[in-house]
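>
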Amino acid sequence: MDSGNVSAIISAVAGISGVLLGNVFVLIKEWWVKRSTVNQNTTYLGIIVVSHLDRFAGQCYEVCIDDGTLRGRPAGQDGHCEATTTVPVFSPLELDVDWKLLPRELMYSILRIPDQQDQIHGKLQGIQEYDYDPPDHPEYFWVRRRSYAVLGLQASELVRKLRLHAGLPLDEPLPGEWSRDKYMSEAITNLDELERRSRLRNSGADEHKQV
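Take 0 as the starting number for the sequence shown in numbering that gives the first Met the number 0 and just add one per residue.
(1) Alpha carbons only, please: which of Glu192, Glu81, Val88 is nearest the one belonging to Gln127?
(2) CA-CA distance, Arg179 and Ala154?
(3) Taking only three categories from DSSP, how would you classify Thr68?
(4) Can you say whether Val200 is buried or exposed, counting buried as having 16 or more other CB atoms within 10 angstroms of its CB?
(5) Starting from the Cα of Thr83, find the closest Cα among Gly75, Phe89, Ser90 and give me that residue.
(6) Just grab the DSSP bridge partners of Pro73 for me.
(7) Pull up the distance between the alpha-carbon of Trp31 and that of Asn38, whole angstroms please.
(8) How many angstroms separate the CA atom of Lys28 from the CA atom of Gln115?
(9) If Val86 and Leu161 are in contact, beta carbons under 8 Å, what's the gap, nearest whole angstrom?
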């Protein structure tokens, strides 16, 4: 092969290599830009949704401690217990974020919170209609308080998972510091114990009537 052909081949290879390298660099640049954009959008989503979810969890806590009394007395008229807190509102689909950036399970768990609230409210409406039991309305407040304690803990766990996914710092209480989630967890335990005792009393009363 003469030197002219060798030079032509070298030039062709160099040209092709240059084109390939150029395309590779373009692809890498596009990938990097896309990745940076996704990371920024994910961080933005995390900040916005964490803020709304954490506020929602705090409002769930307020409902959790609402037993229908005010300063130790029934909050309603005529000695009736009455809710002193409004239920929290979480409307994720109204938030201007790209939900598709989240893993499927995390996105699903966040977006179905309003459906879970609807289920709670449906149960409470049923109690109001068929098991109101004035003036204390124990079943109503037991379901309301416990359900929102469970939902509040669930929201707090979603906040933790979302912080991790979006690369945001965790906000954990210091040792010995008051913990909203710990209180809600203890509230569930206490409410379950109250319900257990109530059922035992009712069972004993029914047996006494039968005798």
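Virtual Cβ for every residue (Gly too), placed ideally from N, Cα, C.
This is what the structure holds:
(1) Relative to the Cα of Gln127, the nearest Cα in the group Glu192, Glu81, Val88 belongs to Glu81.
(2) When the Cα atoms are used, Arg179 and Ala154 turn out to be separated by approximately 12 Å.
(3) It is a strand residue.
(4) The question names Val, but residue 200 in the sequence shown is Arg. Looking at its Cβ environment, which holds fewer than 16 other Cβ atoms inside 10 Å, Arg200 is exposed.
(5) It is Gly75.
(6) Thr68.
(7) Bear in mind that a pLDDT of 43 at Trp31, under 50, signals an unreliable position, so the number given afterwards is only what the model happens to contain. Approximately 10 Å between the Cα atoms of the pair.
(8) Caution is warranted here: a pLDDT of 47 is assigned to Lys28, below 50, making its placement in the model unreliable, and no coordinate value can be reported.
(9) No, Val86 and Leu161 are not in contact; Cβ-Cβ is about 22 Å, not under 8 Å.
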